[in-house]
Ligand SMILES: NC(=O)c1ccc[n+]([C@@H]2O[C@H](COP(=O)([O-])OP(=O)(O)OC[C@H]3O[C@@H](n4cnc5c(N)ncnc54)[C@H](OP(=O)(O)O)[C@@H]3O)[C@@H](O)[C@H]2O)c1
């Protein structure tokens, strides 16, 4: 592909930017943006996918068209769909528009598409270029891709700790380790997720709200994973006016008599074991692309061990909690040799007031 003044890259970056406008709302669908140029290379329309059931990016761009697209080109960060879902196939719209060139960043991993969209475009005589800004597009839709390949939701584990690596005192008290700015950042971070998970003990100790404090409507689903079902009859998570709550319990260990403590507005689902993978799969089936794990050490360790965590976000405060028995972010992985330890990648660091925020990814 010859590139005039980097213009192809420029337009694909614009499509990726448009796609990112739907980053908190498209699940279970991918984040997609589209840009249409006329035959002289002038921008004539653009669009992005906002929400499942609403027009796809390409359809929105065609709906917004101000000029004839015949002989023009379209830039889209994900392969156009070719199946009838909640909306008609985008490939048909591209073909019937008379557009001649299609720039696609990455293939759609969805089995119903997976290269078929590109094939149909080529068979219809359109020129298709694949791979422009591939890395950015893979990154933007990493959760959607992960879910399609593994059938599990993309998991991000978040915790706050002191500079000596403690997440709570030995009596379980942890309010507050980080500063107000970090805590408010966590509220807005939650908006990027479809569901937030804690274990039963964090519910008992912290009684958290787990909301974005209104920055997302509807709020992410709040999920409690419990082996015992020994949950309190009063809890912030039982207030379903703020956000929906789902309790998932392990029926092999739980005392189902405790179910009476959970109000009717809370959904309850049982699973056959305490494997966090079950949670990740159930939530993926319910349409969650991204899950935020805000649990304590025991569930966090189990989630890492079952490959449910793809990234971590930790907030580190310049405070010392001390104590041999204060709580760590993880319990024992039983590593015996240094080569067994978990090495994280792609770390990014930022300062939040006097706290440090570290984001890293796992290579599972
Ligand atoms: N600083 C931070 O960022 C932060 C974040 C979260 C929590 N914390 C602190 O962490 C403490 C709680 O730690 P925790 O480890 O008990 O956390 P947790 O988040 O409550 O996870 C453990 C609980 O999860 C349930 N569970 C379900 N499947 C499990 C599995 N496979 N393995 C382990 N647990 C499973 C059990 O609930 P049941 O007991 O109901 O059966 C278990 O007690 C609290 O003191 C809280 O303040 C700190």
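Numbering (our numbering), first residue to last: 3 to 366.
C-beta atoms are modelled at their ideal positions from N, C-alpha and C, and glycine is treated no differently.
- Taking a cut-off of 8 Å for Cβ pairs, the stretch 23-31 and the stretch 50-69 touch, as three or more such pairs fall below it.
- Scanning 41, 194, 320 for the CA closest to the CA of residue 164 turns up 320.
- Judged by their CB atoms, residue 128 and residue 104 are nearer to each other than the 8 Å cut-off.
- Residue 186 has its Cβ no nearer than 7 Å to any heavy atom of ligand 1.
- Under the three-state reduction of DSSP, residue 184 is assigned to helix.
- The shortest CA-to-CA distance from residue 159 to any of 170, 173, 144, 200 is the one to 200.
- For the pair residue 289 and residue 308, the Cα-to-Cα distance works out to about 20 Å.
- Note that the C-beta distance between residue 245 and residue 224 is below 8 Å.
- In the three-state scheme derived from DSSP, where H, G and I count as helix and E and B as strand, residue 100 is classed as coil.
- The residue from 85, 157, 352, 312 with its alpha-carbon nearest to that of residue 110 is 85.
- Residue 136 holds the alpha-carbon nearest to the alpha-carbon of residue 11 among 278, 222, 136.
- In this structure, the straight-line span from the alpha carbon of residue 154 to that of residue 26 is close to 18 Å.
- For residue 347, the enclosing beta strand (DSSP E) starts and ends at 347-354.
- A straight line joining the alpha-carbon of residue 96 with that of residue 113 spans about 20 Å.
- For the options 89, 98, 340, 218, the alpha carbon positioned closest to that of residue 76 is the one of 98.
- Across the set 267, 234, 102, the C-alpha of 234 shows the shortest separation from the C-alpha of residue 259.
- Under the three-state reduction of DSSP output, residue 129 falls in the strand class.
- Each residue's CA atom was taken as its position, placing residue 122 and residue 334 some 52 Å apart.
- By the C-beta density criterion, residue 337 is exposed, having fewer than 16 other C-beta atoms within 10 angstroms.
- Residue state for residue 119 is assigned as helix, using DSSP reduced to three classes.
- Its Cα nearest to that of residue 66, the residue 49 stands out among 167, 296, 49.
- The three-state reading of DSSP puts residue 159 in strand, counting E and B together.
- For residue 248, the closest alpha carbon among the candidates 269, 175, 44 is that of 269.
- Rounded to the nearest angstrom, the gap between the Cα atoms of residue 64 and residue 173 is 59 Å.
- Rounded to the nearest angstrom, the Cβ distance from residue 38 to residue 73 is 12 Å, too far for a contact under 8 Å.
- Leaving aside the five residues that flank residue 317 on each side, the residues in its chain whose CB is nearer than 6 Å to its CB run, in chain order, 162, 180, 184, 357, 359.
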